[in-house]
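Okay, structure first, notes after.
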Ligand code: P6P
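Take a look at the structure:
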């Protein structure tokens, strides 16, 4: 990466010349998100030392145990966004209802975020991440409403994630390609390390929780069985990789190709549409993968076309190399 010392802010000022979606306000907002992620990265890296591992003895809106770092990270992102002067209303995976911003700090954007996705992996030191999705405010007046948050993914202004792994990376798109930045912990700056990220049209890796096999519908079972059958011409059997942390599984898929699936299953009647949430998991990842040349579907429709009906709405997610995802759709849509 010699010579590529382009910081996030310098990169965005360059991009601004060719992409009108990248306003000074959006540059400022992304800077605030980067700043929040540096604080989270520091806390993730020392969680075991400062007693913020383990459970916060609470359950979030998803009915999932909240780990201390979840709450910690949520508060860091919420506070940073609330004071940014660029946001009018927020939604978080950790909070039942939408959240207003500090009085007098209202701005033209909304943000939905998962402050620390994959948190079940915190105690075992597996990569976790922050995911964010930014829309323009569409309702009149300064204070945002839930309608400003409940917009289809194809209206996103910007989306991305931060991966707290062997290194801390921020990956974003604002409609002019996907760009990855690596945090130089010593300097405290994100530097461009992965310009113009593109996903292969077809890969040879699939990523799914096989433990749910019994609960998938027959067509999903047939598709996974197909990937595991031998056929050298179509690079089968595919390799299986599954971290159990969406940001880590998605990032690997973006770089190596193939697909990640969290289909609907019949395991939990509370989650008939699968486990992952549309607003701050599926839709932002779908925008990133689309900008990288890939595709994201429920198996029946494009994720980016779905008009959300609720802040924490769940959807099935099949995302990655376009040829792989389209083939999965064909299997899943087969008439029984
Ligand atoms: P399972 C993490 O809890 C998460 O929301 C995503 O990051 C991840 O892809 C998924 O759940 C893993 O779910 O049921 O395979 O443990």
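Residue numbers (this note's numbering): 12 to 347.
Think of the CB as a built atom: it goes at the ideal place given N, C-alpha and C, for glycine as much as any other residue.
As the structure is a prediction and not an experimental result, all values here were calculated from the model.
Using the beta-carbon count (16 or more within 10 Å), is residue i buried or exposed?
{"i": "residue 292", "result": "buried"}
{"i": "residue 234", "result": "buried"}
{"i": "residue 260", "result": "buried"}
{"i": "residue 81", "result": "buried"}
{"i": "residue 288", "result": "buried"}
{"i": "residue 184", "result": "buried"}
{"i": "residue 340", "result": "buried"}
{"i": "residue 149", "result": "exposed"}
{"i": "residue 16", "result": "exposed"}
{"i": "residue 178", "result": "exposed"}
{"i": "residue 12", "result": "With a pLDDT of 46 at residue 12, under the threshold of 50, the modelled position of that residue is not reliable, and the figure given next carries that caveat. Its Cβ having fewer than 16 others within 10 Å, residue 12 is exposed."}
{"i": "residue 123", "result": "buried"}
{"i": "residue 344", "result": "exposed"}
{"i": "residue 243", "result": "exposed"}
Have a look at residue i and residue j and give me their C-alpha separation to the nearest angstrom.
{"i": "residue 296", "j": "residue 141", "result": "11 Å"}
{"i": "residue 120", "j": "residue 325", "result": "23 Å"}
{"i": "residue 41", "j": "residue 20", "result": "9 Å"}
{"i": "residue 282", "j": "residue 29", "result": "42 Å"}
{"i": "residue 226", "j": "residue 278", "result": "5 Å"}
{"i": "residue 255", "j": "residue 176", "result": "13 Å"}
{"i": "residue 240", "j": "residue 248", "result": "5 Å"}
{"i": "residue 71", "j": "residue 257", "result": "18 Å"}
{"i": "residue 216", "j": "residue 263", "result": "10 Å"}
{"i": "residue 186", "j": "residue 168", "result": "7 Å"}
{"i": "residue 51", "j": "residue 23", "result": "22 Å"}
Using 7 Å as the cut-off, classify the Cβ of residue i as near or not near the heavy atoms of ligand 1, replying yes or no.
{"i": "residue 260", "result": "yes"}
{"i": "residue 220", "result": "yes"}
{"i": "residue 287", "result": "yes"}
{"i": "residue 84", "result": "no"}
{"i": "residue 257", "result": "yes"}
{"i": "residue 81", "result": "no"}
{"i": "residue 273", "result": "yes"}
{"i": "residue 138", "result": "no"}
{"i": "residue 103", "result": "no"}
{"i": "residue 197", "result": "no"}
{"i": "residue 129", "result": "yes"}
So what does DSSP say about residue i, is it helix, strand or coil?
{"i": "residue 259", "result": "helix"}
{"i": "residue 343", "result": "helix"}
{"i": "residue 185", "result": "coil"}
{"i": "residue 208", "result": "coil"}
{"i": "residue 299", "result": "helix"}
{"i": "residue 252", "result": "coil"}
{"i": "residue 38", "result": "helix"}
{"i": "residue 277", "result": "coil"}
{"i": "residue 233", "result": "helix"}
{"i": "residue 270", "result": "strand"}
{"i": "residue 264", "result": "helix"}
{"i": "residue 135", "result": "helix"}
Check the DSSP bridge columns for residue i and list the partner residues they point to.
{"i": "residue 141", "result": "173"}
{"i": "residue 308", "result": "313, 329"}
{"i": "residue 242", "result": "247"}
{"i": "residue 121", "result": "100, 146"}
{"i": "residue 202", "result": "18, 193"}
Any beta-carbon of chain B closer than 8 Å to the one on residue i?
{"i": "residue 241", "result": "The structure shown contains no chain B; it is built from a single protein chain."}
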